[in-house]
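From first to last, the protein sequence lines are chains S and X. Just so it is clear: in the first sequence, position 56 is 1425 by our numbering, and no numbers are missing. Just so it is clear: in the second sequence, position 144 is 174 by our numbering, and no numbers are missing. Note that CB positions come from ideal geometry on N, CA and C, so glycine has one too. Read the structure below first, then the notes.
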Amino acid sequence: MNTDTHASHADAHHHDDGHAHSTFSGYMLGFVLSVVLTAIPFWLVMSGMLPSKQITALVIMAFAIVQIVVHMIYFLHMSPKSENGWSMMALIFTIVMVVIALSGSLWVMNHLNSNMMPVHEMTGMK
Amino acid sequence: MTVAVNPSQTGEPVFYLADEHPHPEGYSTSLGFWIYLMSDCLIFAMLFAAFGVLGANYAAGPAPKDLFDLDLVAVNTSMLLLSSITYGFAMLTMQQNKIAQTQMWLLITGLFGAAFIGIELTEFAHMIHEGATPQRSAFLSAFFTLVGTHGLHVSCGLIWLVTLMVQVWRFGLIEANRRRLMCLSMFWHFLDVVWIGVFTFVYLLGVLR
């Protein structure tokens, strides 16, 4: 690390590579975007602006994904170049694992629920 | 370690150095810590999956609509978001070698984090008082496990933060302390990322259901 705050590329040789990181404007931009991306979903749900619940659900999930990306870029300083790409590699691997685990769990358990024999039929089989 | 290759014509074995060149201390810390965060991410993914499967099983008990106060969740979310930006300021002042200001921003971050935990514990106490305990329904078990695990992480982050403030106070902004502060920065921002998932999928979608 170095003491120069203006030159974001000065410590390019270090663990945080040439990505423009830790600048005041970067943090503020991330913060303002996060506030907006948080406020809108809360407002949508609390005011019930959108006509259907499905649309509201999809919109707030989209906002969440965008805000996660904003946090990754402006707060966690992710870039394809950090750690020679190994950070991004680990992140992509994790995302693949998370998507498989989440979608798989929801899919399988949903089918299990709908294929489960209802309780009243089960009692009638005695 | 040295490895012998084909002996030369004279019969003398030729050696070469197979070791990697040495790296300075802490060279791979941030990548290693990032991989730890990714494994933590998998823990939260499993808890989200459990909540996704069980989140509608109320067992005739209270539903999210009856329990959650979105105003309080919004306040809590802003506490965590503010603590994220103040930690960012701590990192900026750290790069300028301003110890006093770094400590001040770390303290403010800690206070926002403590406010978050305080509000969350108040919410939990209120729910438990109303009979919405983790034993009440599968939904509440999954809720308390997921949100409680996140709260536990934030609490550990607070302990870590206080420890680092003592470290910086005693030894100053030495290289090791800078590295530690950077790791906590990643940890703290990562917890804010997880909270985005919590307030969206648990609170907002729960109230919507």
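Neighbour-count burial assignment, residue i, 16 or more Cβ in a 10 Å radius
i: Ser167/X; result: buried
i: His53/X; result: exposed
i: Ser113/X; result: buried
i: Ala1376/S; result: Confidence in Ala1376/S is poor, its pLDDT being 41 and thus under 50, which makes the residue's placement too unreliable to answer from.
i: Thr152/X; result: exposed
i: Ile226/X; result: buried
i: Thr1372/S; result: Below a pLDDT of 50, predicted positions are generally treated as unreliable, and Thr1372/S, at 42, falls in that range; the measurement from the model is reported next regardless. Thr1372/S should be labelled exposed.
i: Gly161/X; result: exposed
i: Ala172/X; result: buried
i: Ala120/X; result: buried
i: Met1485/S; result: exposed
i: Phe98/X; result: buried
i: Asp96/X; result: exposed
i: Met2/X; result: Past the edges of chain X, shown from 31 to 239, lies residue 2/X, and the structure says nothing about it.
i: Tyr46/X; result: exposed
i: Gln165/X; result: exposed
i: Val223/X; result: buried
i: Phe1462/S; result: exposed
i: Gly57/X; result: Sequence inspection shows Tyr at residue 57/X; the Gly mentioned does not correspond to that position. Exposed.
Whole-Å CB distance - residue i paired with residue j, under 8 angstroms assumed
i: Phe78/X; j: Phe231/X; result: 6 angstroms
i: Gln125/X; j: Ser1391/S; result: 6 angstroms
i: Ile138/X; j: Val105/X; result: About 17 angstroms; that fails the 8 angstroms criterion.
i: Gly118/X; j: Leu191/X; result: Contact doesn't hold; Cβ gap of about 14 angstroms is too wide.
i: His219/X; j: His1440/S; result: 6 angstroms
i: Thr59/X; j: Arg209/X; result: 6 angstroms
i: Pro94/X; j: Val237/X; result: 5 angstroms
i: Met198/X; j: Gln133/X; result: First, the amino acid is wrong: residue 198/X is Val here, not Met. That belief holds up - the Cβ atoms of Val198/X and Gln133/X are roughly 6 angstroms apart, short of 8 angstroms.
i: Phe142/X; j: Thr116/X; result: 6 angstroms
i: Leu213/X; j: Val1467/S; result: Here residue 213/X turns out to be Cys, not Leu, going by the sequence shown. Going by Cβ atoms, the distance from Cys213/X to Val1467/S rounds to 22 angstroms, so no, they are not a contact pair.
Proximal residues of chain A, C-beta to C-beta of residue i below 7 angstroms
i: Val237/X; result: Any reference to chain A falls outside this structure, whose protein chains are S and X.
Residue i Cβ short of 7 angstroms to the ligand ADP heavy atom set
i: Ile158/X; result: The ligand content of the structure shown is nil, which means the ligand ADP is not present either.
Give me the subset of the segment 1395–1414 of chain S whose CB atoms are less than 9 angstroms from a CB atom of chain X, sorted by chain position.
Flagged, chain order: Gly1395, Tyr1396, Met1397, Gly1399, Phe1400, Ser1403, Val1404, Leu1406, Thr1407, Ala1408, Pro1410, Phe1411, Leu1413 and Val1414.
Tell me which residues of the segment 204–224 of chain X have at least one Cβ-Cβ distance to chain S shorter than 9 angstroms, keeping chain order.
From the segment 204–224 of chain X, only Glu205, Arg208, Arg209, Met212, Ser215, Met216, Trp218, His219, Phe220, Asp222 and Val223 have a Cβ closer than 9 angstroms to chain S.
Compile a chain-ordered list of the residues in the segment 1462–1483 of chain S whose CB is closer than 7 angstroms to at least one CB of chain X.
Those would be Thr1463, Met1466, Val1467, Ala1470, Leu1471, Ser1474, Leu1475 and Met1478, in chain order.
Taking contact to mean 3 or more Cβ pairs, one atom from each stretch, closer than 8 angstroms, check whether the segment 184–193 of chain X and the segment 74–88 of chain X are in contact.
Result no; under three Cβ-Cβ pairs closer than 8 angstroms.
Could you say if the segment 96–104 of chain X and the segment 1411–1430 of chain S meet the contact criterion of at least three C-beta pairs nearer than 8 angstroms?
Enough Cβ pairs lie closer than 8 angstroms, so yes.
Counting Cβ pairs closer than 8 angstroms, one from the segment 79–89 of chain X and one from the segment 1471–1479 of chain S, do we hit at least three?
Yes, the segment 79–89 of chain X is in contact with the segment 1471–1479 of chain S.
Under 8 angstroms, CB to CB, which of the residues in the segment 1429–1444 of chain S have a partner in chain X?
Sequence-ordered contacts of the segment 1429–1444 of chain S with chain X read Ile1429, Met1430, Phe1432, Ala1433, Gln1436, Ile1437, His1440, Met1441 and Phe1444 [C-beta pairs closer than 8 angstroms].
Any residues in the segment 1444–1456 of chain S with a beta carbon nearer than 8 angstroms to a beta carbon of chain X? Which ones, in chain order?
From the segment 1444–1456 of chain S, only Phe1444, Leu1445, Glu1452, Trp1455 and Ser1456 have a Cβ closer than 8 angstroms to chain X.
Within the segment 1395–1468 of chain S, note down every full alpha helix (DSSP H) run reaching 4 residues or more, in order along the chain.
As for any alpha helix (DSSP H) of minimum length 4 sitting wholly inside the segment 1395–1468 of chain S, the runs are 1422–1443, ordered along the chain.
Segments assigned beta strand (DSSP E), at least 3 residues, entirely inside the segment 102–190 of chain X:
If only complete runs of 3 or more residues are kept, the segment 102–190 of chain X shows no beta strand (DSSP E) anywhere.
Any contact between the segment 85–93 of chain X and the segment 195–208 of chain X? By contact I mean 3 or more CB pairs, one from each, below 8 angstroms.
With the cut-off at 8 angstroms, the segment 85–93 of chain X and the segment 195–208 of chain X do not touch.
When you check each C-beta in the segment 89–117 of chain X against every C-beta of chain S, which residues fall closer than 9 angstroms?
Look at the segment 89–117 of chain X: the residues with a C-beta under 9 angstroms from a C-beta of chain S are Leu100, Asp101, Val103, Ala104, Thr107, Ser108, Leu111, Leu112, Ser114, Ile115 and Tyr117.
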